[in-house]
Amino acid sequence: MRPHVAIEPRRTVTGEHGLTTMKQPWPEKAIGGAGRRPAARAKATFDPFVNARGAIAEVTLDITKNITGGDAMSDPMNVLAPEHRRLRIGDAWRDAASGATFAVEDPATGKTIAEVADAGVVDGLAALDVASKAMAVWAATPPRKRSELLTATYRALTERSEEVARLITLEMGKPLAEARGEVAYGAEFFRWFAEEAVRVEGRYNTAPAGGYRILTVPKPVGPCVFVTPWNFPLAMGARKIAPALAAGCTTITKPAAQTPLTMLFLARIMEEVGVPPGVVNVVTTKRAGEVVSALLADRRTRKLSFTGSTEVGRVLLRQAADNVLRTSMELGGNAALIVCADADLDVALDGAMVAKMRNIGESCIAANRIYVEEPVREEFTARFAMRMGALSVGHGLDDGVDVGALIDEASVTKIDELVADAVNRGARVLVGGERPDGPGYFYPPTVLVDVPEDARMLEAEIFGPVAPIISFTSDDEVMAKANDTEHGLVGYVFTRDLQRALRFTEGLETGMVGINRGLISDPSAPFGGVKQSGIGKEGSHEGILEYLDVTYAAIDLP
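Residues 12 to 569, numbered by the numbering used here, are exactly what the sequence shown covers, in order.
Given below as structure tokens:
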């Protein structure tokens, strides 16, 4: 048995889906800060200062599940009629040419919730046909009209946010409160790029040596292929589709096979608000390799944008190279979160909870490694373990649930293996650490200490609710450790010393840095990494530039 930490008292709460969770006391602020109501409150017997050596008393986290399902579980599917679970190609919702379908399951139960069309190469190329034919008309559509359609999409998503959020939770597993946040975040990309659509500008100037004029004209790159992930099934698609449409490009989106329903729902919304046929196409498939390869090999495709693992990104980059495609890659991360001794520990704890547990830790910007300066290590670790142990695990549609199901069996197995590897190498588990029995793909919030440098979890992208805590004694030491990775997406630093914050900002080899903040995503900011975490930026003004080519004209005036 792995060592546990027991926090008492606990009380049993059964949600509407029959998932029984063990609720533990919530001694700190709720995850995400004061704006979120905690799942349960009770006086805790845990005292983080009881042992000056930092040894934490045994903590247990019991999760038993008795999922019975019921009509409420199927309610979210009512928003997506069966005819809209097909391929969206041009002006039609059509079956795959082969007639094949595949199942989509609820990760909290393992039960099938829908069947969607399983596209093949012929279907992918059919989508490219209509996207190519629609390109000229859409590119010539006045920017104001494109802007109005994006604004209409934003409003429709906002008005139907609860329906979309429930659909996200059902197919992806995250708690409903987080799904609502994703809808708001995803919708904002349509509002932001509605405003950017009318701000695409060229330049006209006299050549430095005189004698002629220079004119630069921005133009849409052409039909775009998007491959989107399962962890943010709405927001990651919105972050690509919105700037592409604003720039005048047509699109083909291949959503993750685990979570295709949300993207189909978005396509339906965009159809309803009047986006012309052929501009937004959605191709669902379990044969992603075949379909995407065929699309990238076709010279009519001019842009690829992918969000996913670095491993798959390398494969797609090689394929895109044959036709020298424009590419945007948002790939894996291995974020270090650094807590300095001079940090406000309340702020650092709030930030660490958000950076680690947002989206159940299934995020490329999740804090993968938590480094705490030695003078505050014991206090931070005890309080952080307390808060992690207080989170409730259950079906994301049930009230009071903080941690939903992971996406699939492979994810749970990977996390379990990473924890076992760390423990076998000498790490200690303070909270969690063992997969509960029962259906669904659950893993409890887990905190480890004494994690050795050769533990696999310090190199791998954990993508789950597991937090290794490592101590440090100097800025140079922790900077070197934070940068010792192939990834360079984001880093987090908590300090009250401005000069120290700036040194970390300049020294961390990442595309983004959160200073005293655990959440950095914003549609108005350039999102993207360096090293093997990606190419290009999404969001902000830089985001629309990813979908524009520039033509230069040299003009002689008589």
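Note that beta-carbon positions come from the ideal geometry of N, C-alpha and C, so glycine has one too.
Pick from the options that is closest to residue i, judged by C-alpha positions
i	options	result
T164	G213, T424, E182, F200	F200
M281	A258, G101, P154	G101
E389	E159, S482, L348	S482
E445	V462, D461, I426	I426
N292	M340, A111, C260	C260
R191	A267, L178, G539	L178
E464	D495, G415, R202, G475	D495
L356	P386, R369, A377, T562	P386
R166	A107, P240, K122, V284	V284
R436	F515, S535, V462	V462
P186	V561, L402, D533, A491	L402
V90	E173, K122, L98	E173
F538	Y563, G502, A512	G502
Where the beta strand (DSSP E) containing residue i begins and where it ends
i	result
T273	Where T273 is concerned, there is no enclosing beta strand (DSSP E), although the alpha helix (DSSP H) it sits in stretches over 272 to 284.
V404	V404 -> no beta strand (DSSP E), and no H or E assigned at all.
M523	523 to 526
A114	112 to 117
N494	No beta strand (DSSP E) holds N494; the alpha helix (DSSP H) holding it covers 486 to 494.
D560	559 to 566
T123	122 to 128
L226	224 to 231
S532	Segment: none, S532 is in no beta strand (DSSP E) and carries neither H nor E.
T217	214 to 217
K265	262 to 265
G300	It is not in any beta strand (DSSP E) - G300 instead sits in the alpha helix (DSSP H) that spans 299 to 308.
L441	439 to 442
N292	291 to 293
Sheet register partners of residue i (DSSP bridge)
i	result
R380	A347
S339	S316
I426	Beta-bridge pairing links I426 to no other residue.
F538	E549
S544	According to DSSP, which records beta bridges pairwise, S544 is partnered with nothing at all.
F505	V350
S482	V383
I100	A103
G499	V541
V236	I263, L315
V414	V404
Start-to-end residues for the alpha helix (DSSP H) that takes in residue i
i	result
Y196	187 to 207
P154	154 to 170
F243	Note, F243: premise wrong, no alpha helix (DSSP H); not H, not E.
R329	321 to 332
V458	No alpha helix (DSSP H) contains V458, which is instead part of the beta strand (DSSP E) from 457 to 460.
A359	356 to 368
V141	132 to 151
Cα-Cα separation between residue i and residue j, rounded to whole angstroms
i	j	result
A103	A138	11 Å
T227	Y558	16 Å
P231	M146	9 Å
T392	V423	24 Å
R105	V294	10 Å
E553	V434	43 Å
G550	A359	26 Å
L184	G529	The question names Leu, yet the displayed sequence has Gly at residue 184. One C-alpha to the other measures close to 22 Å.
G372	T506	23 Å
T264	T273	12 Å
L509	N527	11 Å
C235	S143	10 Å
E428	M468	9 Å
A471	V430	12 Å
L342	G319	5 Å
G80	V440	Residue placement at G80 is flagged as unreliable, the pLDDT there being 34, under the threshold of 50; a coordinate-derived value is accordingly withheld.
F317	V504	28 Å
G222	V211	27 Å
V141	G289	5 Å
P254	M340	15 Å
R337	V541	17 Å
A493	A346	8 Å
G547	G449	42 Å
P479	L417	19 Å
P229	K122	49 Å
P38	T152	Its pLDDT being 32, under 50, P38 is placed unreliably by the model, and the measurement read from it follows with that caveat. About 56 Å.
R224	A565	6 Å
Cβ-heavy atom distance, residue i to the ligand HEM, below 6 Å
i	result
R507	As far as ligands go, the structure on display features none, and thus does not contain the ligand HEM.
Practice task
Specify whether the region 397 to 404 and the region 455 to 471 touch according to this definition: at least 3 beta carbon pairs, one from each stretch, less than 8 Å apart.
Solution key: yes
Exercise for the section: Indicate whether the contact test is met: 3 or more Cβ pairs, each with one atom in the region 303 to 310 and one in the region 151 to 158, closer than 8 Å. Expected result: no
Handout entry: Given 8 Å, three or more beta-carbon pairs between the region 187 to 201 and the region 114 to 121
Key = no
Exercise for the section: Could you say if the region 264 to 283 and the region 241 to 252 meet the contact criterion of at least three C-beta pairs nearer than 8 Å? Expected result: yes
Exercise for the section: Assess, as a yes-or-no matter, whether the region 121 to 135 is touched by the region 319 to 333 under the definition of 3 or more beta carbon pairs within less than 8 Å. Expected result: Proximity of the region 319 to 333 to the region 121 to 135 falls short of the contact definition, fewer than three beta-carbon pairs being nearer than 8 Å.
Practice task
Check whether the region 484 to 500 touches the region 204 to 217, counting contact only when three or more Cβ pairs, one atom from each stretch, lie closer than 8 Å.
Solution key: Between the region 484 to 500 and the region 204 to 217 there are fewer than three inter-stretch CB-CB distances shorter than 8 Å, so the stretches are not counted as touching.
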